[in-house]
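J.:
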């Protein structure tokens, strides 16, 4: 499992805001992606309502997940593929290591896969002496830099072209340039040699199709096709929720995915892979392995309040509109899944208490829901997470904490529900505040520990009479228009 | 062992879904409710020549927007001319020698690529496994040919107009690497393989008997643009790992 550092969110965010290079790299990318994606939804022939339909399809798939996975596994095995069900990241990683050992693999080329980041597969293989080469350009850049990805589909979004230029000059031995086409060509050349000589290819899975028994891979670069076509072994990793029932459903989902990810009509490459090279075929891997990974997903599936987050197709549209992500980038989230989706799914996968800053640090502005191609209600789940944290939930190992906040709100709740006590308190407060009143009859500063309330504003003084009491004095105890309504 | 692992995995999923431990399959899930495949199939069957022409125009516009070339020609000979012009105008990216690799496909046989390019001194390899020789060494031979070619020529099972997508099945003689490894990909297809959108494509794949029989194969590939990336400051660059240039040649008698 990847290192979990969710507890460092606040510090990471503060550091990110002070990092001028990061701020330069992040400046403007949301303005380019966010509005373009929003416009692309309105341009859909079916209209933006297609997003709700797509969610319904994803939810339907989740309700039948057991049957869909069984069918997928059966059909892939019929074509000579292997399917391994991994309950956690250790099982998944050790299976991949076993396959690599059996084939005496020296070099692995990888298509970008977030689930492989989640299970920290590279480290496991590298510890075994295998050279692991990331081949998505952004992922290759961060691998050369010795960093994890900071965005779900644009892993090097936190790097400026100057940084990439310096990195390539150092690591690839080319002359320094900050010209993206020249840098891309340098990576194309370096990685082509890796593709042609690799023994094993590793990919993720975008959305499997149960009906036909195929996984799908999606890319614009063509690196995933290379990694899944040329080496003699192909291992595909799949989070268990990434499957839909029917082939026809891919119609809307691929169009929505391309729009959510990059405001495109359609991704450059989509491959349906359902097994190894068949007899008499001239190329393709001799062996195909599919690793289906739970790693905490079944617990999310069981909780109907959070099941919806499993509809996610990892397009990163929510990252591209989130005001928090736009300022701090992906690293403070402390796990491969960042941004609004990360603020929900990361605590659910790695611990709600530990990851509380992720969902407490989100402003609930709702931009993520509007941007989501499958209309996932992320703000609702952020609130639900806050509620679980406050109330405690043994199913999620969250104990109810009696914090000062909680105590204060419980006292408040008791106070306002007891009318006599409330009125008495108000009168007492009104009498006691005379010492606090500053010029112009407002309270300019409160004593500690309440001074936070007046640090940036003045407070109006208490009147000594509650609203309800004044109402009754004015209109009488009953018979008002408002009460009759 | 394998079964135990799968069983306990799926049991956990069933428990999460609140289902009884013994899972029943959900066959109805795959019978529908599709919106109406018949309507989409009929739309394809009953398309008038004028509508087909409009689709072709749409394909050209969409392909143009993603820097993919489309030529519409009348017959195989004209397709050959397009290919030969391309060979003459372009240079290899990696080596210095011009070599072409092409699928073993009736449409390409008709063009007669080897004879067409013989006078220009450009060798053409057809990706056919010689049955009289060891299959593994034949595959290695073809792999070397694909790696050394700068143009790869394939055909498409379908072409989708709305998304400018070429749909390629993998079969013996139809190597996946031909549309991937060479710097230039040329795809020759019959214009009657043109469908309007992905919905029509999926309906044909699933509900016409001759297509359903073939299925999706072990690898069905959609290609909708030249290989590209935007991973450095979101600047779009053509030619990331796959072909830098893609040319679709549609034969429409």
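Protein chains in written order, with our numbering: chain A, 320 to 804; chain B, -17 to 235. Beta carbons are placed, not taken as given, at the ideal position from N, Cα and C, and that holds for glycine. Computed from a prediction, not measured in an experiment: that's the story for all the values here.
#1: Between the beta-carbon of residue 428(A) and the beta-carbon of residue 443(A), is there less than 9 Å?
#2: Please work out which residues of its chain come closer than 8 Å, Cβ to Cβ, to residue 111(B), disregarding the five sequence neighbours upstream and downstream, and give them in chain order.
#3: Is there a Cβ from chain A that is less than 9 Å from the Cβ of residue -2(B)?
#4: Flag residue 564(A) as yes if its beta-carbon sits less than 9 Å from any beta-carbon of chain B, otherwise no.
#5: Am I right that residue 90(B) and residue 137(B) are in contact with their C-beta atoms under 8 Å? What's the rounded C-beta distance?
#6: Tell me the rounded alpha-carbon separation between residue 425(A) and residue 676(A).
#7: Can you give me the Cβ contacts of residue 474(A) inside the same chain, cut-off strictly under 6 Å, excluding the 5 residues immediately before and after it?
#8: Determine, using beta carbons only, whether residue 689(A) comes closer than 9 Å to chain B.
#9: Please state if the CB of residue 341(A) and the CB of residue 477(A) are separated by a distance shorter than 9 Å.
#10: Rounded to whole angstroms, what's the CA-CA distance from residue 744(A) to residue 738(A)? Just pull it up for me.
#11: Determine, using beta carbons only, whether residue 144(B) comes closer than 9 Å to chain A.
#12: Give the residues from the segment 98 to 119 of chain B that approach chain A closer than 7 Å (Cβ to any Cβ), ordered along the chain.
#13: Give the single residue among 129(B), 43(B), 232(B) and 25(B) whose Cα lies nearest to the Cα of residue 107(B).
#14: So which residues on chain B does residue 707(A) lean against when the C-beta distance must stay under 9 Å?
#15: Give the range of the alpha helix (DSSP H) segment to which residue 95(B) is assigned.
#16: Can you give me the start and stop residues for the beta strand (DSSP E) that residue 609(A) sits inside?
#17: Could you round the C-beta distance between residue 728(A) and residue 705(A) to whole angstroms and report it? I think they count as a contact, below 8 Å.
#18: Hey, residue 394(A) and residue 533(A): beta-carbon distance below 9 Å or not?
#19: I want to know whether the segment 603 to 618 of chain A touches the segment 398 to 409 of chain A - three or more CB-CB distances under 8 Å.
#20: Alpha carbon to alpha carbon, how far is residue 345(A) from residue 545(A)?
#21: Put residue 678(A) into one of helix, strand or coil per three-state DSSP.
#22: With 7 Å as the limit, tell me which residues of the segment 124 to 136 of chain B have their beta carbon closer than that to any beta carbon of chain A; keep them in chain order.
#23: Do the CB positions of residue 81(B) and residue 133(B) come within less than 9 Å of each other?
#24: What are the uninterrupted segments assigned as alpha helix (DSSP H) that are 4 or more residues long and contained completely in the segment 522 to 585 of chain A, given in chain order?
#25: Please classify residue -15(B) as buried or exposed, where buried requires at least 16 neighbouring CB atoms within 10 angstroms.
#26: Using the C-alpha atoms, what's the distance from residue 627(A) back to residue 646(A)?
#27: In the DSSP assignment, find the alpha helix (DSSP H) that holds residue 597(A) and state where it starts and stops.
#28: Quick check on the burial criterion: 16 or more other C-beta atoms within 10 angstroms. Buried or exposed for residue 714(A)?
#29: Which residues of chain A have a Cβ atom closer than 8 Å to the Cβ of residue 92(B), listed in chain order?
#30: Taking only beta carbons into account, state which residues of the segment 326 to 346 of chain A come closer than 7 Å to chain B, listed in chain order.
#31: Tell me, please, which residues DSSP counts as bridged to residue 203(B).
#32: Tell me, to the nearest whole angstrom, how far the beta carbon of residue 222(B) is from that of residue 507(A); I am working on the premise that it is less than 8 Å.
#33: At the 9 Å Cβ level, is residue 360(A) part of the contact set with chain B, yes or no?
#34: Going by the beta-carbon positions, is the gap between residue 660(A) and residue 684(A) smaller than 9 Å?
#35: Could you check which residue in 717(A), 698(A) and 699(A) has the C-alpha nearest to that of residue 707(A)?
#36: Which residue comes first and which comes last in the beta strand (DSSP E) that contains residue 478(A)?
T.: Here's the rundown:
#1: The answer is no: Cβ separation not under 9 Å.
#2: For residue 111(B), same chain residues with a beta-carbon under 8 Å away, outside a window of 5 residues either side, are 117, 120, 121, 124, 154 and 155 in chain order.
#3: Output row for residue -2(B): interface = yes.
#4: Output row for residue 564(A): interface = yes.
#5: The beta carbons of residue 90(B) and residue 137(B) sit about 7 Å from each other, so the pair counts as a contact at 8 Å.
#6: Cα to Cα, residue 425(A) sits roughly 41 Å from residue 676(A).
#7: Residues 457, 458, 461 and 468 of the same chain have their beta carbon placed closer than 6 Å to that of residue 474(A), with the five preceding and five following residues left out of the count.
#8: Look at residue 689(A): its C-beta is not under 9 Å from any C-beta on chain B.
#9: In contact: residue 477(A) and residue 341(A) (Cβ atoms closer than 9 Å).
#10: C-alpha separation (whole angstroms): 10 Å.
#11: Judged by the 9 Å Cβ criterion, residue 144(B) is in contact with chain A.
#12: Result list: 109 and 111.
#13: In this structure, 129(B) is the residue among 129(B), 43(B), 232(B) and 25(B) with its C-alpha nearest to the C-alpha of residue 107(B).
#14: Using a Cβ-Cβ cut-off of 9 Å, residue 707(A) is close to nothing in chain B; its nearest Cβ partner there is about 17 Å away.
#15: Looking at the DSSP string, the run of the alpha helix (DSSP H) that includes residue 95(B) is 95 to 100.
#16: Annotation: the continuous beta strand (DSSP E) that includes residue 609(A) extends over 606 to 612.
#17: Not quite, the Cβ-Cβ distance comes to about 13 Å (not below 8 Å), so this is no contact.
#18: Yes, they are a contact pair.
#19: Touching, yes.
#20: Inter-residue distance for residue 345(A) and residue 545(A) is about 30 Å (C-alpha atoms, whole angstroms).
#21: For residue 678(A), the three-state secondary structure derived from DSSP is helix.
#22: Listed by position, the residues of the segment 124 to 136 of chain B near chain A (Cβ gap below 7 Å) are 124, 125 and 129.
#23: Contact flag set, yes.
#24: You should have 542 to 548 and 569 to 581.
#25: By the beta-carbon neighbour count (other beta carbons within 10 angstroms, threshold 16), residue -15(B) is exposed.
#26: Approximately 27 Å, taken between the alpha carbons.
#27: No alpha helix (DSSP H) holds residue 597(A); DSSP gives it neither H nor E.
#28: Residue 714(A) is exposed by the Cβ-count criterion.
#29: Neighbours of residue 92(B) on chain A: none; closest Cβ ~21 Å, over 8 Å.
#30: So nothing in the stretch comes that close.
#31: Residue pairing by DSSP places residue 203(B) opposite 590(A) and 150(B) in a beta bridge.
#32: Their Cβ separation, rounded to whole angstroms, is 6 Å, which keeps residue 222(B) and residue 507(A) in contact under 8 Å.
#33: For residue 360(A), the answer is no, since every Cβ of chain B falls outside 9 Å of its Cβ.
#34: Contact: no.
#35: The shortest Cα separation from residue 707(A) among 717(A), 698(A) and 699(A) belongs to 717(A).
#36: Here residue 478(A) belongs to no beta strand (DSSP E), and DSSP marks it neither H nor E.
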